[in-house]
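Here the numbering used here is used: the first residue of the sequence shown is 1493, the next is one more, and so on. Don't be surprised by glycine CBs; every beta carbon is placed ideally from N, CA and C.
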Amino acid sequence: MNNKELSSLNPATFKEVGRVKVIPDSQVKAIVKKAWAAFPDWRERGLKERTAILKNVQQQLLSRSEEFASLITREMGKPVHESLGLEVHSCIDIIGYYVRNAETFLGDKRVPLHHILFKRRGSWLHFEPLGVLGIISPWNWPLLIPINSVVPALLSGNAVVFKHSEWTPILAEKMRDLFIESGIPEDVFQIIQGGAKPGKALVESSVAKIFFTGSTKVGKIIYNSAAKQLKKCVLEMGGSDAAVVCKDADVEYAASGIVWGGFSNCGQNCNAIERVFIHQDIFDVFLKKLINKIKKLRLGNGEAEDSDIGPLVSQEQLDKIKHIVEQSRKAGDTIVTGGIPLHNSKGYFFQPTVIVRDASRIQEDMEEVFGPVIYLTSVANDDEAVQLANRSKYGLTASVWTCHKKRGQQIARRLHTGTVMINDVIVSFGMAEAGWTGVKQSGIGWVHGEKGLDEMVNIKYINYEPQNHIQKFWWFPYSQKMITTLRSALQFLFSASYIRRIANVLPVLKRMSAFLLLNKKRSDKL
Ligand code: NAD
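Now the structure itself:
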């Protein structure tokens, strides 16, 4: 990348996928301004029309699914099996989910009031768009992550300025074309090409809210900048996810699941398994099975349909993984398999790596790996596994592997994360209804599902008083008499003693029935 142009290279072959112009940060303000100008019309078109347009997006994506899957693979390297089966498939499903549920999620919701004073009132929640949203995405799920934010944002009537990762700029262009050709007005969905600079300018612009997915390091920068402007933001950040393998786990099944959870997408998943805590009684047999399965994995260009693992996305990622493994080796961990790049290959390929680490070396500040490396640690029991799994500054997801539902649920409740999957891993990210968030340094706020949609709207509470001619007794003027009545009312309404309640019925009825039952006007009104 230079200041003016981004050249996107296939990380398996180094062939150029395409080139785009970088948007100078000085132009970001004007782009956001255009979006604000387009916003009122988009909001006024109403939910029905927006839903129909997004249904179009879904159908267009379906008809171009192979094209999108191939581009994902060429631009960031993941096997086409994952691009098509996990990304494009989940996107089509998720758009359909939002379209089908638009009215349920975004229509007014009645909020019945229980209090005797307010029972006759109209009371409801009204959902309205926030304005222009800034969405910033990473390259590792380059279609699913943006779709999961852009679609609910547009559906709820917001305009969007979207900045994709500098590693997947061609996909950003394709997404823009898809949305525009499906009927989204040009200024309602605009993209910004480039890296940190235009990203920073977007955060500092007049967007109403930022939705960021990426590293914790950049998340912190964005949070600081947003705080200075009192701008709201949702931050979905890094993880160092644990798998707990219980003594009663089906070892064969757990080993297969953990190989996939650690090495699919070349380990470049925010929710990839990085730390595995295995009961000591099954440690050796688990390790043996794991290594056997890893040996069968085929590394190669993701465009080949039988490649299991593609390359890392960039030289930078490759250098980072080499460094992490080297540090680990120096510190005394045992590298059981892998630990080096693939010999004689073009592309940023790194061998799937298993490292055995002693429990004493599991530290709170262990950094996210984000590559094909998993750490195994033997534990004495479930308690130790939970304790070590929680010893992390991150708290994104975790998995538990057991044949007993109750045991799985008990462990799940004790893990400090936003998500726990029992006997599976990663795929909840593509489940339309499952919300997504992280605790500790992994996340602030929600994306995905109804909870994610709630972050994109102003949920306005509206209250209607039908008795619009009756002065309220809590309005001015205040009086001694009214305070005495209020004291009785408190006892009548809330006392745990039935005798006290009954004793206060008469004074309350005497003073208040005129207002509550007979709609009498206050004689002392101002
Ligand atoms: P990154 O933080 O380097 O970049 C993410 C995005 O932020 C990119 O578009 C980048 O250009 C932009 N950016 C960089 N500096 C910026 C700044 N100062 N201001 C505004 N924008 C800026 O992350 P990445 O390398 O693209 O992605 C990998 C990271 O993302 C990993 O840490 C991974 O765990 C995390 N991730 C998290 C989730 C989640 O849901 N929690 C999902 C996917 C990836």
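Backbone CA spacing between residue i and residue j [nearest angstrom]
i, j, result
"HIS1908", "VAL1848", "23 Å"
"VAL1737", "LYS1689", "43 Å"
"LYS1812", "THR1660", "20 Å"
"ILE1918", "GLY1927", "13 Å"
"PHE1654", "ILE1545", "18 Å"
"LEU1605", "ILE1954", "12 Å"
"GLN1519", "LYS1692", "12 Å"
"ALA1796", "ILE1951", "47 Å"
"GLY1794", "ALA1504", "8 Å"
"GLN1945", "ASN1593", "Strictly speaking, residue 1945 in this sequence is Leu, with Gln absent from that position. Taking the straight line from one Cα to the other gives about 11 Å."
"ILE1962", "PHE1597", "35 Å"
"PHE1506", "LEU1810", "14 Å"
"ASN1757", "TYR1867", "17 Å"
"LYS1781", "GLU1665", "43 Å"
"PRO1958", "TRP1966", "17 Å"
"ALA1719", "GLN1902", "37 Å"
"ARG1899", "GLN1879", "16 Å"
"LEU1722", "LYS1712", "15 Å"
"LEU1978", "ILE1991", "18 Å"
"LEU1872", "GLN1772", "With the sequence shown as reference, residue 1872 is identified as Ala, and Leu is not the correct amino acid for it. Distance between the alpha carbons of ALA1872 and GLN1772 is about 6 Å."
"HIS1607", "SER1971", "23 Å"
Proximal residues to residue i (C-beta, below 6 Å), its chain only, five neighbours per side dropped
i, result
"THR1826", "VAL1848"
"ARG1535", "PRO1621, GLY1649"
"TYR1590", "VAL1643, PRO1644, LEU1647"
"THR1929", "GLY1910, GLY1935, TRP1938"
"SER1557", "VAL1580"
"THR1708", "MET1729, GLY1730, GLN1933"
Where the beta strand (DSSP E) through residue i begins and ends
i, result
"ALA1890", "1889-1893"
"ALA1530", "Segment 1520-1536 is the alpha helix (DSSP H) holding ALA1530; no beta strand (DSSP E) there."
"PRO1473", "Given a span of 1493 to 2018 for the chain in the structure shown, any question on residue 1473 remains unanswerable."
"LYS1655", "1651-1655"
"HIS1896", "Neither: HIS1896 is in no beta strand (DSSP E) and is coded neither H nor E."
"PHE1769", "1765-1771"
"THR1911", "1911-1914"
"ILE1684", "1681-1684"
"ASN1882", "Neither: ASN1882 is in no beta strand (DSSP E) and is coded neither H nor E."
"ASN1955", "1949-1956"
"ASP1733", "1733-1737"
"SER1641", "Careful: SER1641 lies outside any beta strand (DSSP E), inside the alpha helix (DSSP H) at 1636-1647."
"PHE1703", "1701-1705"
"GLU1497", "1497-1501"
Own chain, CB closer than 8 Å to residue i, minus 5 neighbours either side, in chain order
i, result
"VAL1642", "ILE1627, VAL1652, PHE1654, MET1667, PHE1671, PHE1681"
"THR1829", "ILE1783, ILE1786, LYS1787, GLN1843, PRO1844, THR1845, VAL1846"
"ILE1816", "GLU1859, VAL1861, GLY1863, VAL1865"
"GLU1947", "LYS1701, PHE1703, VAL1726, GLY1937, TRP1938, VAL1939"
"ALA1561", "VAL1572, SER1575, LEU1576, GLU1579, VAL1580"
"VAL1524", "VAL1624, GLY1626, VAL1653, LEU1694, SER1697, SER1698, VAL1699"
Residues near residue i by beta carbon distance below 7 Å, same chain, minus five either side
i, result
"SER1629", "ILE1637, PRO1638, HIS1656, SER1657, THR1705"
"SER1490", "What the structure shows of the chain is the stretch from 1493 to 2018, and residue 1490 is not part of that stretch, so it cannot be assessed."
"LYS1542", "Before going on, a small fix: residue 1542 reads as Arg here, not Lys. If we look at ARG1542 and ignore the five residues flanking it on each side, its Cβ neighbours are LEU1646, LEU1647, GLY1649."
"VAL1549", "ILE1587, LEU1670, PHE1671, SER1674"
"ALA1904", "VAL1892, VAL1912, ILE1914"
"LEU1663", "LEU1563, ILE1564, GLU1567, PRO1634, LEU1635, HIS1656"
"ILE1832", "GLN1843"
"HIS1618", "ASP1600, LYS1952, ILE1954"
"PHE1775", "SER1870"
"PRO1896", "Here residue 1896 is His; the residue named in the question, Pro, does not match the sequence. Once the five neighbours on either side are set aside, the close Cβ partners of HIS1896 are ASP1740."
Boundaries (first-last residue) of the alpha helix (DSSP H) holding residue i
i, result
"LEU1985", "1972-1986"
"GLU1559", "1557-1568"
"THR1708", "1708-1721"
"TYR1840", "Note, TYR1840: premise wrong, no alpha helix (DSSP H); not H, not E."
"ILE1672", "1661-1673"
"GLN1598", "Just to set this straight, residue 1598 is Leu in the shown sequence, not Gln. First-last of the alpha helix (DSSP H) with LEU1598: 1581-1598."
"ILE1783", "1775-1787"
"GLU1658", "Unbroken run through GLU1658: none, as it is neither H nor E."
Rounded distance between the beta-carbons of residue j and residue i, thought under 8 Å
i, j, result
"VAL1509", "LEU1501", "7 Å"
"VAL1710", "GLY1937", "That pair is no contact at about 16 Å."
"ILE1702", "ILE1714", "6 Å"
"ILE1770", "SER1870", "6 Å"
"LEU1791", "LEU1834", "6 Å"
"ASP1857", "LYS1885", "6 Å"
"ILE1584", "LEU1609", "In fact, because the Cβ distance is near 50 Å, the residues do not count as touching under 8 Å."
"THR1894", "ALA1741", "5 Å"
"GLY1941", "SER1582", "Not really, about 13 Å apart at Cβ, beyond 8 Å."
ask   = Can we say the segment 1830-1842 touches the segment 1790-1806, given the rule of at least three CB pairs closer than 8 Å?
value = These segments touch.
query = Do three or more CB pairs link the segment 1728-1737 to the segment 1764-1771 at distances below 8 Å?
reply = Contact between the segment 1728-1737 and the segment 1764-1771 is established, with three or more Cβ pairs separated by less than 8 Å.
message = Pairs of beta-carbons, one from the segment 1600-1615 and one from the segment 1558-1576, closer than 8 Å: are there three or more?
response = No, because fewer than three Cβ pairs between the segment 1600-1615 and the segment 1558-1576 fall closer than 8 Å, the two stretches do not touch.
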